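Heads up, the thing below is written out as structure tokens.
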Amino acid sequence: MWRIHFFNGLRDEGMEFGYAGNPTLRAQLHVLNYRLCATMMRSIHYLFFLTTLSPAYGAVLLSRGARDATPTLSSPAEPTPTVPYASTTPNAVLWGPASSNSVPKPFRGKTGASVLGPDNTPIDLQNPDLFAPPSTDNGDVANSKWPFSMSHMRLQTGGWARQQNTEMFPVATSMAAVDMRLEAGAIRELHWHSTAEWAYVLKGTTQVTSVDQDGRNFIATVRPGDLWYFPPGIPHSLQATNESVEGSEFLLVFPDGAFSDDGTFLLTDWLAHVPAEVIRKNFGITNPDAFSRIPSKQLYIFPAAPPADDAEDVSDPQGTVPQPFFFPFSQMAPTKLEGGSVKIADSTVFDVATKIAVAEVEVEVGGMREMHWHPTQDEWTFVLEGEARITIFAANSNARTFNFQAGDIGFIPASYGHYVENTGNGTLKYLEVFNSDRFQDISLNQWLALTPPALVKAHLGLDDETISLLKKVKPTVVGPPSSFK
1 MWRIHFFNGL RDEGMEFGYA GNPTLRAQLH VLNYRLCATM MRSIHYLFFL TTLSPAYGAV
61 LLSRGARDAT PTLSSPAEPT PTVPYASTTP NAVLWGPASS NSVPKPFRGK TGASVLGPDN
121 TPIDLQNPDL FAPPSTDNGD VANSKWPFSM SHMRLQTGGW ARQQNTEMFP VATSMAAVDM
181 RLEAGAIREL HWHSTAEWAY VLKGTTQVTS VDQDGRNFIA TVRPGDLWYF PPGIPHSLQA
241 TNESVEGSEF LLVFPDGAFS DDGTFLLTDW LAHVPAEVIR KNFGITNPDA FSRIPSKQLY
301 IFPAAPPADD AEDVSDPQGT VPQPFFFPFS QMAPTKLEGG SVKIADSTVF DVATKIAVAE
361 VEVEVGGMRE MHWHPTQDEW TFVLEGEARI TIFAANSNAR TFNFQAGDIG FIPASYGHYV
421 ENTGNGTLKY LEVFNSDRFQ DISLNQWLAL TPPALVKAHL GLDDETISLL KKVKPTVVGP
481 PSSFK
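Heads up: the sequence shown begins at 1 in this note's numbering, then just goes up one per residue.
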């Protein structure tokens, strides 16, 4: 017969067994006594801890414990967030380059402090989201903005040129650019490159000439918003017409971030470094004075009489190039969208342009180029007019926001998520340029709309109404909230 009088505090009252006085059994029961007391003390400790929490949180834990203790099939556990929800605090641009706030301060909400030391206020005014970053910015992203105004000007008689490459903009590894200005009649001398040359005319009219590897020639007059493209190694010239008294200005893009316009192959530079008798022998000319006026060094850009308006190709027994090096992009009708428009020129419409593709995007006030990325191509961005901000997401919680004005260059590596928001008071117009024969992008909106709703809900906690508003066709450019349908 067993009879056990159990515990009073930490001391046993007594034990009576059918066989009393067994020391081994008594020792085992002492161990059991200790373990049970320890368990009871831990439980008391935990209940005391709950009383130190806020009443609401303690109640949640207690009720959850009660629910877990008595599970039922009819009332499954409610889903809870794995991590806290993202903040919905607004992160608007705090000022603009023309803001009356003459001394901006690096505050965002309750964070930040004034600058006590020296500061370049005009640059702060142009870059509000670097000076007072949105709370959503995090981590480290390479500088993705370069203003052409920071590039060195190469001044020539008849014009100028300035360039951007990896020397001043290291992140832009796949493309470089030159902004060039020619006075009426001025010539960018006959030359060629080891890379392709793509151009977008900014102002005025430019006459271009070329001869390909099969001796077929080409001439065209290129107007504002139009394009030209010369494949690698194809010689060409550029000359401003007098259609405008100011001449012309154009943007050149090269599919190599390390390209330097100072390293091009120039006609005058080459001949200045070849013995005169060799030059005469090459052309089969015996007159010793025939090449006596060759410049002693490169001309690069120089003044000349404007070309004739009706200039034609030189008669060529080989004919003209089969694929024109010119594309009338200005005449292409844009695709109208909810918040602006877009038009695209790649090798599907501009056959010869196998290394560069472009999208010309216009965004209305309050609109934005939707959140998207480009699967395999870096994006080289050039702002033609207006103001914008771009947040670049570089994975692993790294994100940074940059502000842009007309004349600024942006660079976004392949697969980096981004948007382009119009933050100005007028239309934003800019170019998206790619080192590719085809334009491609992936729309966040379309991706979610074409993904099973349950998956999207599980990730983002969206309700059915929000899911129904996702777009199965790329919006590309979206308008301000008042324009949503």
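Don't be surprised by glycine CBs; every beta carbon is placed ideally from N, CA and C. These numbers come from a predicted model, not from an experiment.
In the three-state reduction of the DSSP assignment, residue 122 falls in the helix class, which pools H, G and I. By the 16-neighbour rule on beta-carbons within 10 angstroms, residue 83 is exposed. For the 9 Å CB-CB criterion, residue 339 and residue 363 form a contact. Counting along the chain, no beta strand (DSSP E) covers residue 468; the unbroken alpha helix (DSSP H) around it starts and ends at 464-468. Along the length of the region 312-386, whole beta strand (DSSP E) runs at least 3 residues long occupy 335-337, 340-345, 357-363, 368-373 and 379-385, reported in chain order. A direct Cα-to-Cα measurement between residue 409 and residue 434 gives close to 13 Å.
Residues of the same chain with a CB within less than 8 Å of the CB of residue 305, apart from the 5 flanking positions on each side, are 185 in chain order. The beta carbon of residue 402 lies closer than 6 Å to those of 144, 145 and 390 in the same chain, with the five residues before and after it left out. The C-alpha of residue 257 lies about 4 Å from the C-alpha of residue 174.
The secondary-structure analysis by DSSP pairs residue 210 across a beta bridge with 218 and 236. The C-alpha of residue 452 lies about 53 Å from the C-alpha of residue 181.
Assignment of residue 150 by DSSP, reduced to helix, strand and coil, places it in the helix class. Here DSSP, grouped into helix, strand and coil, assigns residue 282 to helix.
The closest CA to that of residue 148, considering only 332, 406, 446 and 443, is found on 406. Counting the other CB atoms within 10 Å of its CB gives residue 392 a total of 16 or more, which places it among the buried residues. The three-state reading of DSSP puts residue 138 in strand, counting E and B together. Assignment of beta-bridge partners to residue 203 by DSSP yields 249.
Residue environment: residue 293 is assigned as exposed (fewer than 16 neighbouring CB atoms within 10 Å of its CB, all protein chains considered). Setting aside the 5 residues that flank it on each side, residue 295 is surrounded in the same chain by 268 and 272, each with a C-beta closer than 7 Å to its C-beta; the list follows chain order. About 6 Å separates the CB atoms of residue 207 and residue 241; that is less than 8 Å, so the two are in contact.
Counting only residues of its own chain and dropping the five nearest sequence neighbours on each side, residue 237 has a CB closer than 6 Å to the CB of 190 and 209. When the beta-carbon positions are compared, residue 202 and residue 125 stay at least 9 Å from each other.
Contact between the region 411-422 and the region 464-472 is absent: fewer than 3 CB-CB pairs across the two stretches fall below 8 Å. Residue 446: not part of any beta strand (DSSP E); member of the alpha helix (DSSP H) spanning 444-449, first to last residue.
CA-CA distance, residue 449 to residue 86, rounds to 21 Å. Judged by DSSP secondary structure, residue 190 falls within the beta strand (DSSP E) whose first and last residues are 187-192. The alpha carbon of residue 438 has as its nearest neighbour, out of 356, 455 and 384, the alpha carbon of 356. Restricting attention to 297, 358, 311 and 115, the CA atom closest to the CA of residue 327 is found in 358. Inter-residue distance for residue 120 and residue 235 is about 44 Å (C-alpha atoms, whole angstroms). Straight across, the Cα-Cα distance linking residue 342 with residue 141 is about 28 Å. Residue burial is scored here from C-beta neighbours: residue 135 has fewer than 16 other C-beta atoms within 10 angstroms and is therefore classed as exposed. Secondary structure note for residue 408: its beta strand (DSSP E) is the uninterrupted segment 408-412. DSSP, read as helix, strand or coil, puts residue 182 in strand.
For the 9 Å CB-CB criterion, residue 430 and residue 384 form a contact.
No Cβ-Cβ contact shorter than 9 Å links residue 412 with residue 299. Counted as a single uninterrupted DSSP element, the stretch harbouring residue 89 is not any beta strand (DSSP E), since DSSP gives it neither H nor E.
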